[in-house]
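J.: Quick one: the structure is below, questions incoming.
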C-alpha cells in the first residue's frame, strides 16, 4: 500500500471537561476533505475491472440490499473487509409482570456496521499542515 498524505489544521479550543477543563488547548482537525459521490466511486472501481460503472453500481446496490434483507431476518452478515452488519435497536424497560409489547417497547431498529479494525485503521499516513481558512465576512 502506498503512503498517503492527510492535511490538517490546528486551532485553539477551550476544553469543557476532563483534566484540562477550563484550559485553552491546541486541537488538530482533518481538512481538505471532499465527497466522492456514488457514481464517481463506481467508475473508479470499474476502472480496475472488466465491468463498467453501471455494472459495479448494480452489484454494490444488490449486495447492500441483500445484506439488509439478511440482517432484517436476524443474521449477522460478514461484509468482507468492511466488517460485520447486524441489527440493533433501542428498548424501553418494562417492569416485571407487565406485558412486553415489541411494537411499543422496541424502537429505532437499524442496521449497524461493526467495522473491521484492520480495514478502518489508516496506516502509512503522513501529515501535512494546511493553512487555516478564514471565514468570509458578509458585507
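In the numbering used here, the protein residues as written are 2 to 140. Beta carbons are placed, not taken as given, at the ideal position from N, Cα and C, and that holds for glycine.
What does the alpha-carbon distance come out to for the pair residue 104 and residue 138?
T.: Rounded to whole angstroms, residue 104 to residue 138 spans 51 angstroms at the Cα level.
J.: Tell whether a beta-carbon distance below 8 angstroms holds between residue 30 and residue 9.
T.: yes
J.: Return the Cβ separation of residue 88 and residue 78 in integer angstroms, given the expectation that the two are a contact with Cβ distance under 8 angstroms.
T.: About 10 angstroms separates the two Cβ atoms, so there is no contact after all.
J.: Taking 8 angstroms as the cut-off, decide whether the C-beta atoms of residue 223 and residue 83 are in contact.
T.: The question about residue 223 has no answer here: the residues shown for the chain are numbered 2 through 140.
J.: Within 10 Å of its beta-carbon, does residue 95 have 16 or more other beta-carbons around it, so buried, or fewer, so exposed?
T.: exposed
J.: Measuring straight from C-alpha to C-alpha, what distance separates residue 128 and residue 6?
T.: 6 angstroms
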